[in-house]
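Everything below concerns the one structure shown next.
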Amino acid sequence: MAYVYVINREEEPSESVTGRYHSARSGRLRWLRPRSRRLFRRGTVRHARWRANGDPADLREALRDLSEAAWGRALTVRDMDRRPRHWAAYANNFGVALLDEYQRTEKTQVLDTAVVFLRESLAALTEDSPARARALTNLIAAVTARADLPEEAEDLPDLSGLQRDLSETTSAPALARLAAASAYGYAAADRDGPAAGLDGLGAAVELLPRAAWWGHSRTTREDVLADHTGLATDAAACAIEAGRPARALELLEGGRAVLWQQLLRTRADRTRLYEVAPRLARRMDKLAATLERDGGMPADRRMALVHRWEKLEDRAQARSQREWTALAGRAQQALPDAVFTLPAFGADLAPAGAEGPVVVVNVSRLGCAALIVEDGTREPRTVALPDLTHDEAHARARRYVAAMADGQEDGREQVVGETLEWLWRVIAEPVLHALEGGAEHDGESRPRLWWCPTGPLATLPLHAAARQTPGEPSEAAGAGVLDRVVPSYTPTLLVLVRAREQRGVAERSEEHRLLHVTVSEAAGQASLPGVARTSAHLAELLPADRRTSLEGAAATRESVRAQLERHLWAHFDCHGVQDLDQPFLGGLVLHDRTLTVADLAGIRHDRAEFAFLAACSTAVGGTRLPDEVITLTSALQHSGYQEVIGTLWSVPDRSAVRVTRTLYDQLALDGRLLPSRSARALHKAVCAERERLPEHPSAWVPFLHVGL
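For the sequence shown, the working numbering begins at 63 and goes up steadily by one.
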């Protein structure tokens, strides 16, 4: 039975929207098509005016017009399978107006009527179309509002079913599909356990890169990613709970570092596609330009305004999105080793473990665990971390960041020591025990290990985790990551695999030179007296024709950017700054201005081998976008540098000089550098500094190695 909401014009205006239900039980009602169309258009315009200026009179008049228009298009029981033309638009617009009226008055009857008409609108739309996507979005909003009320409702549609339907509607905006998929995924996980949320959250992760489309401005993309922080790690936790560790890694790679992965895809894979399938590449670029220009349809755009050109635009947008999906599938077939869709574990991620285990530590409110990728394994190994919790990880990270940024020396050392102890107990010890059964290694026999932390762990020194024994250094205690392995980091598995693919390219080049950038004095920054000693030492190790020095006033943003593309090696002796809320604005303090992460992201150097950022906070990411791993070290690695050394937080000048000297003594040979030694060289330098300053871990803990 179809219900029509009728306005009683005898009532006072303030009560007119409450109305009453009438049911058409038999016979055919008289169609008032011409008048209904006029009322529909006039009501829609008045509704738009209400949304623009908020005048209740406009909304009352809109409700009267849209109610009579809907009455003119009303259905009888015998006509349920032959709905009048445009009935979906009439019912939807009236339902949206009622929903707005409910938000103004909070009258339950108005909301119930809105649900009825929005449900009718959806029932009239059977094909996958933008109109159906809007109807679903509106009905979800109404049902969500009704479900939050204490009064029981009769025959309320299943909210999770509607959300799933919207997430699978290909013509819907990616952002709306993403919100729907994540909503029903989280609801299932909370109701039936993490494994039940895998379908919804997995679908949401696959939609995340499309919602944060590279054609949008970086600010828009950052807003989308910030709104869905933790989505990838939560989806991975669901996959781990469901016994699918490979799927968990695929979701982590697809939903983290989205901005960096887009950079790699647009530059590397699409460039390669031009070589093997130029026609397909041109079609993708043309279509990408169209989607970038249009930017997709906003998630909150409803059918309140219905015009012919909007309908055509919606259909064109839906066709473009479906065409891009089809072209991406063809591109994946043309370049099987490229990544145009969600990465596959076997083809894209498993090679990351070829030279040593990669440990991905997943932190989620739905569960925490480590995933280990090793050479020759068909699936990653799962290590349960029962003592690691999402809330404690965030609390520890906040305390550590505060201590390193503003804490007094004694308090800072205490916090660092407690953090290293906690990291060892809840993460490092269980992982290392699973890998080697607790065995210790000495000197060159120590194996390599790569950490890939997620969430709050990205700001913590996993590489230096160690048991702390009162009155003894961690080395004497005989239990620490540095005593068992040579640790490195990778922001994602894909970037590590790509770095290995590029290894050896520079061997065919004669441009083996070191770019040495030094800024010992900068406005608003403390002086760096150790810079001169480092410069002198590098001059002893490398001849003049192997070095390019940019010192003081010569070290400007433009000169450094230009020289970076011409050098395979780079060393920075300057201050580093980080903006935790806007990490792309952090960077290296040069003579004239800061060389930001955004600047470095615009550089691509496929033959670059090594960079040493002897500056503070070069490996610190932002707090607003923790899943994006936006740091100076990751920016250089994604720009093409295969190995990067950076720091977590501030480093004492003297310690920086000693570590740098020890490092280059091992890297330099016959007037050139051997970057392949950098991980072990840094490990040796840090261990030497640890032995020198065992009670001051903040002097040596910050140094870390990223890459090969």
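Backbone N, C-alpha and C define an ideal beta-carbon position, used for all residues, glycine too.
| query | result |
| --- | --- |
| beta-carbon residue 337 near the ligand SAH non-hydrogen atom, thresh 7 angstroms | With respect to the ligand SAH, the structure shown offers nothing to examine, as it has no ligands at all. |
| Inter-residue spacing [alpha-carbon to alpha-carbon] between residue 794 and residue 335 | Since the first and last residues shown for the chain are 63 and 770, residue 794 lies out of range. |
| For residue 665, the three-state DSSP class (helix, strand or coil) | coil |
| Per-residue burial, residue 661 [other beta carbons within 10 Å of its own, 16 or more giving buried] | buried |
| Helix, strand or coil at residue 551 according to DSSP, with G and I counted as helix | strand |
| Supposed close pair residue 645, residue 622 - CB separation, criterion 8 angstroms | That belief does not hold up - the Cβ atoms of residue 645 and residue 622 are roughly 20 angstroms apart, past 8 angstroms. |
| As assigned by DSSP and simplified to three states, the class of residue 109 | helix |
| Separation of residue 641 from residue 612, as counted between CA atoms | 25 angstroms |
| Helix, strand or coil at residue 489 [DSSP, three-state] | helix |
| CB contact flag (residue 580, residue 635, <8 angstroms) | yes |
| Close Cβ partners of residue 313 (< 7 angstroms) along its chain, the five nearest in sequence each way excluded | 264, 267, 294, 297, 298, 301 |
| Distance CB(residue 258)-CB(residue 245) smaller than 8 angstroms | no |
| Per-residue burial, residue 760 [other beta carbons within 10 Å of its own, 16 or more giving buried] | buried |
| Contact set for residue 437: own chain, Cβ-Cβ below 7 angstroms, skip 5 residues either direction | 415, 416 |
| Through-space distance from residue 545 to residue 18, alpha-carbon basis | The structure shown does not extend to residue 18, since the chain spans only 63 to 770, so no value can be given for it. |
| Cβ neighbours of residue 484 in the same chain (closer than 7 angstroms, five flanking residues each side left out) | 458 |
| Status (buried if at least 16 other CB within 10 Å, exposed otherwise) for residue 448 | exposed |
| Touching by the beta-carbon criterion (3+ pairs, under 8 angstroms), the stretch 749 to 759 and the stretch 685 to 700 | no |
| Nearest-angstrom Cβ-Cβ length linking residue 318 and residue 689, presumed shorter than 8 angstroms | 5 angstroms |
| Residue 105 and residue 127 closer than 8 angstroms at C-beta | yes |
| Euclidean distance between Cα positions of residue 772 and residue 707 | Past the boundaries of the shown model lies residue 772; the chain is included only from 63 to 770, so the question cannot be answered. |
| DSSP state of residue 302 mapped onto helix, strand, coil | helix |
| Rounded separation between residue 394 and residue 343 - CA only | 12 angstroms |
| Distance CB(residue 627)-CB(residue 672) smaller than 8 angstroms | no |
| Beta-carbon gap between residue 425 and residue 455 smaller than 8 angstroms | yes |
| Three-state secondary structure (DSSP) of residue 636 | coil |
| Secondary structure, alpha helix (DSSP H): runs of 4+ residues fully inside the stretch 386 to 416 | none |
| Beta carbon of residue 390 nearer than 8 angstroms to that of residue 320 | no |
| Nearest residue (CA-CA) to residue 123, options 159, 98, 523 | 159 |
| Euclidean distance between Cα positions of residue 99 and residue 222 | 35 angstroms |
| Proximity to residue 664 [Cα-Cα], best of 193, 709, 701, 209 | 701 |
| DSSP state of residue 578 mapped onto helix, strand, coil | strand |
| Residue-chain proximity (residue 312, chain C), Cβ-Cβ < 8 angstroms | Checking the listed chains, one finds no chain C in this structure; it contains a single protein chain. |
| Nearest-angstrom Cα separation, counted from residue 744 out to residue 738 | 11 angstroms |
| Residue span of the alpha helix (DSSP H) that contains residue 756, given as start and end | Careful: residue 756 lies outside any alpha helix (DSSP H) and carries neither H nor E. |
| Nonlocal neighbours in the same chain, by C-beta distance under 8 angstroms from residue 462, ignoring five residues either side | 477, 478, 481, 521, 522 |
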